[in-house]
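Each residue of the sequence shown is one higher than the one before, counting from 226 in the numbering used here. Cβ atoms here follow ideal geometry from the backbone N, Cα and C, with glycine treated the same way. Since the model is a prediction, treat every value here as computed from it, not as a measurement.
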Amino acid sequence: MPIRDHNPAGRRLHLPIVGVTNGPGQATGVDVRGERKPPWLKVRLQSGPNTTQLKSIMRGLDLNTVCEEAMCPNIGECWEEREATFLILGAKCTRRCGFCDVMTAKPDAVDEGEPERIAQAVSAMGLRYVVITGVARDDLPDGGARIWAAAIRAIREAVPGCKVEVLPSDFRGGERDVATVIEAAPDVFAHNLETVRRLHARVRPAFGYDRTLDVLRLAKRLRPGQVVKSNLILGMGERPEEISPAMVDLAEAGCDILTMGQYLRPTQQHLPVDRWVTPAEFNEHKEAGEHLGIAHVEAGPLVRSSYHAGRQLERASANSSARVGGGAGL
Ligand code: SF4
Numbered sequence: 226m227p228i229r230d231h232n233p234a235g236r237r238l239h240l241p242i243v244g245v246t247n248g249p250g251q252a253t254g255v256d257v258r259g260e261r262k263p264p265w266l267k268v269r270l271q272s273g274p275n276t277t278q279l280k281s282i283m284r285g286l287d288l289n290t291v292c293e294e295a296m297c298p299n300i301g302e303c304w305e306e307r308e309a310t311f312l313i314l315g316a317k318c319t320r321r322c323g324f325c326d327v328m329t330a331k332p333d334a335v336d337e338g339e340p341e342r343i344a345q346a347v348s349a350m351g352l353r354y355v356v357i358t359g360v361a362r363d364d365l366p367d368g369g370a371r372i373w374a375a376a377i378r379a380i381r382e383a384v385p386g387c388k389v390e391v392l393p394s395d396f397r398g399g400e401r402d403v404a405t406v407i408e409a410a411p412d413v414f415a416h417n418l419e420t421v422r423r424l425h426a427r428v429r430p431a432f433g434y435d436r437t438l439d440v441l442r443l444a445k446r447l448r449p450g451q452v453v454k455s456n457l458i459l460g461m462g463e464r465p466e467e468i469s470p471a472m473v474d475l476a477e478a479g480c481d482i483l484t485m486g487q488y489l490r491p492t493q494q495h496l497p498v499d500r501w502v503t504p505a506e507f508n509e510h511k512e513a514g515e516h517l518g519i520a521h522v523e524a525g526p527l528v529r530s531s532y533h534a535g536r537q538l539e540r541a542s543a544n545s546s547a548r549v550g551g552g553a554g555l
């Protein structure tokens with residue numbers, strides 16, 4: 226198979242990550258009343274032998290990773306630990322979220338061979354933890370649930386020890402479609418709330434605050450012991466005191482793992498950054514969230530849903546076990 230440029234247009238996906246390195250075509254690094262980014266958001270891209278090898282395998286199999294598409298600053302760290310995030314069901318989304326740079330357009334036909342190729346890549350890359358994310362496919366009767374399930378099963382078959390986390394859309398609340406994914410037994414089922422109730426309709430117009438919570442609740446109910454995860458992006462206009470009610474809602478919906486990071490505006494057409502959230506404030510939210518009963522909260526300016534996802538699961542399991550006195554854990 227010919228080697229291809231994974232991102233010929235230089236376009237970025239999953240914007241919450243982008244803008245950190247100020248590469249070509251990226252955001253300017255100036256936002257929030259024209260202030261420069263604070264020092265804690267300036268990072269250097271790292272690379273290592275694993276990263277170079279994994280990149281070449283991905284190109285050979287014609288696959289996308291969010292890690293590369295979003296120019297994630299954590300790529301070197303994650304790939305050196307043999308963790309990667311795949312993007313399935315194409316690069317065109319049927320929805321438009323205010324923070325996200327994925328192209329909104331009529332998606333291409335489903336690539337039936339994609340789950341198998343992802344499994345091949347996971348095997349060739351020797352991955353130990355895989356995150357699968359994908360665009361919303363409201364054009365498909367099942368929202369793509371069949372492909373999500375096929376990807377989980379294909380990875381399991383190819384690499385039995387590899388843990389699989391999925392981050393699908395809400396399938397418009399379709400219980401049968403959520404069940405299709407859950408029946409494939411992902412180690413972690415993630416669905417992101419992204420922002421507080423007051424801002425939700427503006428930031429995630431095609432989603433719904435309560436529907437997102439319902440999807441998490443449903444995942445937890447469908448499969449006993451299913452680990453459920455979510456994410457909040459801070460800096461899109463929420464006030465610090467609005468975070469706690471969102472965490473209460475997530476805890477009540479059964480959320481076991483919560484990630485929280487700083488919003489970075491991908492282009493001038495996207496929502497502006499409202500504030501730079503300090504590392505100290507992130508720590509306060511982490512403590513509050515874990516106090517509310519969420520087994521593990523990973524919070525920090527550069528934290529992304531998939532960042533050290535394997536470690537997040539380990540910590541959540543350890544915290545949960547400790548709380549129930551060394552019992553079954555999550
Ligand atoms: S559903 Fe929203 S966040 Fe997800 S890819 Fe589409 S536009 Fe981006």
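As assigned by DSSP and simplified to three states, the class of residue i
i, result
"residue 454", "strand"
"residue 437", "helix"
"residue 519", "coil"
"residue 267", "coil"
"residue 446", "helix"
"residue 375", "helix"
"residue 261", "strand"
"residue 255", "The pLDDT assigned to residue 255 is 44, lower than 50, so where the model puts this residue is not dependable; a value taken from the coordinates is nonetheless given after this. DSSP places residue 255 in strand when its eight states are reduced to three."
"residue 524", "strand"
"residue 531", "coil"
"residue 538", "helix"
"residue 249", "Caution is warranted here: a pLDDT of 33 is assigned to residue 249, below 50, making its placement in the model unreliable, and no coordinate value can be reported."
"residue 384", "coil"
"residue 273", "coil"
"residue 428", "helix"
"residue 369", "coil"
"residue 495", "coil"
Residue of the options minimising C-alpha distance to residue i
i, options, result
"residue 541", "452, 489, 300 and 380", "452"
"residue 360", "353, 410, 370 and 545", "370"
"residue 515", "493, 543 and 306", "543"
"residue 468", "303, 480 and 507", "507"
"residue 290", "401, 442 and 350", "350"
"residue 560", "286, 347 and 479", "Only positions 226 to 555 of the chain appear in this structure, which leaves residue 560 out of reach."
"residue 500", "465, 435 and 383", "465"
"residue 366", "274, 334 and 352", "334"
"residue 420", "303, 463 and 276", "463"
"residue 423", "450, 413, 470 and 431", "470"
"residue 536", "431, 302 and 287", "302"
"residue 328", "354, 336, 362 and 352", "362"
"residue 319", "353, 277, 337 and 396", "396"
"residue 287", "315, 413, 502 and 400", "315"
Contact under 8 Å by Cβ, residue i with residue j
i, j, result
"residue 364", "residue 332", "yes"
"residue 461", "residue 513", "no"
"residue 326", "residue 368", "no"
"residue 425", "residue 393", "no"
"residue 313", "residue 339", "yes"
"residue 527", "residue 268", "yes"
"residue 383", "residue 344", "yes"
"residue 308", "residue 524", "no"
"residue 406", "residue 391", "yes"
"residue 475", "residue 519", "yes"
"residue 398", "residue 436", "yes"
"residue 511", "residue 480", "no"
Residue i to residue j span [Cα, whole Å]
i, j, result
"residue 249", "residue 496", "Annotation note: pLDDT 33 at residue 249 (below 50); position unreliable, no value reported."
"residue 281", "residue 477", "43 Å"
"residue 433", "residue 311", "25 Å"
"residue 538", "residue 323", "29 Å"
"residue 262", "residue 504", "13 Å"
"residue 317", "residue 377", "21 Å"
"residue 404", "residue 264", "44 Å"
"residue 418", "residue 438", "8 Å"
"residue 429", "residue 458", "12 Å"
"residue 448", "residue 341", "25 Å"
"residue 487", "residue 373", "28 Å"
"residue 483", "residue 529", "10 Å"
"residue 285", "residue 491", "28 Å"
"residue 546", "residue 485", "23 Å"
"residue 440", "residue 306", "30 Å"
"residue 387", "residue 411", "11 Å"
"residue 274", "residue 304", "9 Å"
"residue 330", "residue 431", "14 Å"
"residue 276", "residue 355", "15 Å"
"residue 283", "residue 531", "18 Å"
"residue 427", "residue 450", "33 Å"
"residue 494", "residue 321", "12 Å"
"residue 352", "residue 299", "16 Å"
"residue 522", "residue 456", "9 Å"
Any non-hydrogen atom of the ligand GDP within 7 Å of residue i CB
i, result
"residue 542", "Of the ligands this structure carries, namely the ligand SF4, none is the ligand GDP."
Completely contained beta strand (DSSP E) runs for the segment 459-492, where each covers 3 or more residues: Correct list: 482-487.
Which whole runs of the alpha helix (DSSP H) in the segment 388-426 are 4 residues long or more, in chain order? Fully enclosed alpha helix (DSSP H) runs of no fewer than 4 residues occupy 400-408 of the segment 388-426, in order along the chain.
Whole beta strand (DSSP E) elements within the segment 276-361, 3-residue minimum: List check, beta strand (DSSP E) in window: 308-313 and 354-359.
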